[in-house]
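Asker: Numbering (our numbering), first residue to last: 870 to 1323. All C-beta atoms, glycine included, are put in the ideal place defined by N, C-alpha and C.
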Amino acid sequence: MQFRDLPSVDRVMASDGMAELTEAYPRDWVVDLVRRQLDRARQKIRDGGNAPSAADVADGVSGELSLMTEVAPRQVINATGVVIHTNLGRAPLSPAAIEAMTQAARGYTDLEMDLSTGRRGSRQAHLQSLLQQVTGAEAALAVNNNASAILLGLSALSVGKEVIVSRAEAVEIGGGFRIPDVLKQSGATLVDVGTTNRTYLRDYEDAITENTAALLKVHSSNFRVEGFTAEVEPSELVALSKEKGIPVLHDVGSGALLPTEAYGLAHEPTPQESIAAGVGLVFFSGDKLLGGPQSGMVVGTAELVRRLERHPLARAIRIDKMSLAGLTATLLHYLKQEAESEVPIWRMISAGEQEIKDRAERWKSQLALPGEVISSKSAVGGGSLPGETLPTWVLALSCEGSTGGPEAVMRKLREAKPPVVARIEDDRVILDPRTVLPEEEDSLLTALRDALSP
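1. Check whether the Cβ atoms of S1253 and S1123 lie closer than 8 Å to each other.
2. Between the region 971-985 and the region 1133-1148, do three or more beta carbon pairs fall short of 8 Å?
3. Leaving aside the five residues before and after Y1069 along the sequence, list all residues of the same chain whose C-beta is less than 8 Å from its C-beta, in chain order.
4. Would you tell me roughly how many angstroms separate the C-alpha atoms of A1037 and A965, rounded to the nearest one?
5. Are the CB atoms of V1034 and I1019 within a distance shorter than 8 Å?
6. Per DSSP, what kind of secondary structure is R943 in: helix, strand or coil?
7. Name the two residues that bound the continuous beta strand (DSSP E) containing A1265.
8. My understanding is that L1159 touches L1118, with C-beta atoms under 8 Å, so please give their C-beta distance in whole angstroms.
9. How should P1260 be labelled, buried or exposed, when 16 other C-beta atoms within 10 angstroms of its C-beta is the threshold for buried?
10. Quick check on V1028: does DSSP put it in helix, strand or coil?
11. What separation, rounded to the nearest whole angstrom, lies between the Cα atoms of N1066 and R992?
12. In three-state terms, what does DSSP make of V1249?
13. Buried or exposed: where does N1080 fall if 16 or more other Cβ atoms within 10 Å of its Cβ makes it buried?
14. Can you say whether L890 is buried or exposed, counting buried as having 16 or more other CB atoms within 10 angstroms of its CB?
15. For V899, which residues in the same chain have their Cβ closer than 8 Å to its Cβ, ignoring the five residues on either side in sequence?
16. If we require 3 or more residues per run, which beta strand (DSSP E) segments fall completely within the region 884-939?
17. Can you find the residues in the same chain that come closer than 7 Å, C-beta to C-beta, to G1029, ignoring five residues on each side of it along the sequence?
18. What residues are listed by DSSP as bridge partners for S1327?
19. Could you tell me whether the Cβ atoms of D874 and A927 are closer together than 8 Å?
20. For the candidate residues E1230, P1302, Y1203, R1231, whose alpha-carbon lies nearest to that of S1247?
21. From S1312, K1286, A1320, E1309, pick the residue whose C-alpha is nearest to that of R943; which is it?
22. Is K1190 closer than 8 Å to L980 when the C-beta atoms are compared?
23. Is M1336 buried or exposed, if buried means 16 or more other CB atoms sit within 10 Å of its CB?
24. Would you give the residue range spanned by the alpha helix (DSSP H) that I1218 belongs to?
25. Enumerate, from N- to C-terminal direction, the unbroken alpha helix (DSSP H) stretches of 4 or more residues contained entirely within the region 1136-1224.
26. Leaving out five residues on either side along the sequence, give the residues of the same chain with a beta carbon under 7 Å from the beta carbon of R1228.
27. Measure the CB-CB distance between L1196 and S1024 and report whether it falls below 8 Å.
28. Runs of 3 residues minimum, wholly inside the region 1066-1134: which ones carry the beta strand (DSSP E) assignment?
29. By Cβ distance, which residues of its chain are closer than 8 Å to F1046, with the 5 residues on each side in sequence left out?
30. Please report how far the alpha carbon of V940 lies from the alpha carbon of P961, in whole angstroms.
31. Any idea what DSSP makes of V1062, helix, strand or coil?
32. Nearest to V1338 by CA position, among Q906, P1275, F1097, is which residue?
33. Measure the Cβ-Cβ separation of V1174 and A1008 and say whether it is below 8 Å.
34. Which residue or residues does DSSP assign as beta-bridge partners of M982?
35. Taking the alpha carbon of S1234 as the reference point, which residue from L984, R1216, L1266, K913 has its own alpha carbon closest?
36. Do you know whose CA, among D1295, E1310, A1277, R1297, lies nearest P1323's CA?
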């Protein structure tokens, strides 16, 4: 035991550099961090470690303050090849969307004022017009995320009543978000029909009662069942809903507004298709395949959307002015038919193999480090198109000369400024140019040189 060797709080506070810290930050805060460092040191001694010096404790306090006072979340370079990386914030935004959000944040806006009359207006008005044009819906509403949109729809239409869902679609997606739990929270009762792998139209029809409020269809998003399967198409549910006078609600998830099959991927359901089929309400995310800021959209019939707008929950989950600005700018790319070139995730998805290979070769030549350019696979990610990949080329770097191997190199990359996130395959660090923005290349190469230096 070396507890007697631990420096006192006063001794640490007298160490070099601590005076500067107490000038920059409240003294009580710095002292509290010193005490925390000493508590950790006591535990380290109990575990058989040595007592730190006063200078060591002071360095620990300085490092902790640096981490605590960094603006978060930080920019990260995504070299994983996963286009919509949930842990890295999903979709990067277009320059136009970033500029729109910056303008909205910089000063006052006409968020809820009609400048033509000088009276109060709706924050949804302009966005609703864009969503109507893009999806073909009668009306639209944006909230803070897709989970909120679904909860709002169920709360407004189904409280105290039953909602019929295929058993195969009573799913759990990221973060423990479960459709049955959302139904329960909304005040609706889940009635699951069919089996895990096969559900037929008659299953829905047999379950309808006088207490049925809606038929809910949920896109499975981040998993799929293959083989002996059957599911009911939205158009079939719409025909049944018209016969029974019960609306169909459809969560399409990713918000793809472009045909994914045109890019060598499986078909992803689009809001436009559901609206064309006659679905009453369609829910989708703004920060997945749509490529905008975090948000959730509801599009559908004017009567049903109005019911959602009038519900008290709508105000609690309304979209903020900056997300609204970014979403508006993103939707304009689709109206101008420039999404493939202007929305970053679609530029990544549509990137040609030769273009990607050329970038990887250029990185290799500029680095002058042991490695090779090899063929590989990119993923869409973000709970979209499970199992689907895009052919790509990656830079595979050998870590034989680096102490600690690939794991140590990955750690150094994550500690870079800005941090770099890559992946490991066959004891090599793999970097996929598909998901690295062009303006990030210089920072990436600097981080790689530092991480792989002996």
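Answerer: With the given structure in hand:
1. On the sequence shown, position 384 is the one that residue 1253 refers to. On the sequence shown, position 254 is the one that residue 1123 refers to. Going by C-beta atoms, S1253 is nearer than 8 Å to S1123.
2. no
3. On the sequence shown, residue 1069 is found 200 positions in, with the first residue counted as 1. Excluding residues within five positions, the ones whose Cβ falls inside 8 Å are G1063, A1099, V1101.
4. For the purposes of this step, residue 1037 is taken as residue 168 along the sequence shown, with counting starting at 1. For the purposes of this step, residue 965 is taken as residue 96 along the sequence shown, with counting starting at 1. Going by the C-alpha atoms only, they are around 40 Å apart.
5. For the purposes of this step, residue 1019 is identified with residue 150 of the sequence shown, where counting begins at 1. For the purposes of this step, residue 1034 is identified with residue 165 of the sequence shown, where counting begins at 1. No.
6. The residue given as residue 943 occupies position 74 in the sequence shown. In the structure shown, R943 sits in coil (DSSP, three-state: anything other than H, G, I, E or B).
7. Translated into positions along the sequence shown, residue 1265 becomes position 396. 1253-1267 is the span of the beta strand (DSSP E), which, as asked, contains A1265.
8. Residue mapping note: residue 1159 aligns to position 290 of the sequence shown, counting from 1. Residue mapping note: residue 1118 aligns to position 249 of the sequence shown, counting from 1. With 8 Å as the limit, L1159 and L1118 do not qualify as a contact, their Cβ atoms being about 19 Å apart.
9. Here residue 1260 refers to the residue found at position 391 of the sequence shown. Burial call: exposed.
10. The count along the sequence shown starts at 1 and reaches residue 1028 at position 159. Three-state DSSP puts V1028 in coil, outside helix and strand.
11. As a working mapping, residue 1066 is identified with position 197 in the sequence shown. As a working mapping, residue 992 is identified with position 123 in the sequence shown. Those two C-alpha atoms are separated by around 43 Å.
12. If you number the sequence shown from 1, residue 1249 lands on position 380. In the structure shown, V1249 sits in a strand (DSSP, three-state: E or B).
13. Counting from one through the sequence shown, the residue named residue 1080 turns up at place 211. Exposed, since its Cβ has fewer than 16 Cβ neighbours within 10 Å.
14. One-based indexing of the sequence shown puts residue 890 at position 21. L890 should be labelled buried.
15. Reading the sequence shown from its first residue, position 30 is the one you call residue 899. Excluding sequence neighbours, V899 sits near M882, M887, L890, T891, V930, L934.
16. none
17. Position 160 of the sequence shown, counting from 1, holds the residue named residue 1029. These residues qualify, in order along the chain: G1056.
18. Residue 1327 lies beyond the residue range present for the chain, which begins at 870 and ends at 1323; the question has no answer from this structure.
19. Here residue 874 is taken as the residue at index 5 of the sequence shown, counted from 1. Here residue 927 is taken as the residue at index 58 of the sequence shown, counted from 1. It is not a contact, given that the beta carbons lie outside the stated cut-off.
20. What you label residue 1247 is simply residue 378 of the sequence shown in a count that begins at 1. Out of E1230, P1302, Y1203, R1231, P1302 has the C-alpha closest to the C-alpha of S1247.
21. Numbered from its first residue, the sequence shown carries residue 943 at position 74. For R943, the nearest C-alpha among the options comes from K1286.
22. What you label residue 980 is simply residue 111 of the sequence shown in a count that begins at 1. What you label residue 1190 is simply residue 321 of the sequence shown in a count that begins at 1. Yes.
23. Beyond the ends of the chain as shown, which are 870 and 1323, falls residue 1336; an answer cannot be given.
24. Stepping through the sequence shown from its first residue, residue 1218 is reached at position 349. I1218 -> alpha helix (DSSP H) spans 1213-1219.
25. 1140-1146, 1171-1179, 1182-1185, 1190-1204, 1208-1211, 1213-1219
26. Mapped onto the sequence shown, residue 1228 falls at position 359. Once the five neighbours on either side are set aside, the close Cβ partners of R1228 are P1302.
27. Within the sequence shown, numbered from 1, the residue matching residue 1196 stands at position 327. Within the sequence shown, numbered from 1, the residue matching residue 1024 stands at position 155. No.
28. 1081-1087, 1117-1122
29. The residue you call residue 1046 lines up with position 177 of the sequence shown. Same-chain partners within the cutoff: A1016.
30. As a first step, residue 940 must be located in the sequence shown, where it is residue number 71. As a first step, residue 961 must be located in the sequence shown, where it is residue number 92. One C-alpha to the other measures close to 18 Å.
31. Residue mapping note: residue 1062 aligns to position 193 of the sequence shown, counting from 1. Strand at V1062.
32. The question about residue 1338 has no answer, for the chain in this structure spans 870 to 1323.
33. The sequence position of residue 1174 within the sequence shown is 305, counting from 1. The sequence position of residue 1008 within the sequence shown is 139, counting from 1. Taking 8 Å as the Cβ cut-off, V1174 and A1008 qualify as a contacting pair.
34. For the purposes of this step, residue 982 is taken as the residue at position 113 of the sequence shown. M982 is bridged to R989.
35. Taking the sequence shown and counting its residues from 1, one reaches residue 1234 at position 365. Of the listed residues, the one whose Cα sits closest to S1234 is L1266.
36. Here residue 1323 refers to the residue found at position 454 when the sequence shown is read from its first residue. Among D1295, E1310, A1277, R1297, the Cα nearest to that of P1323 belongs to A1277.
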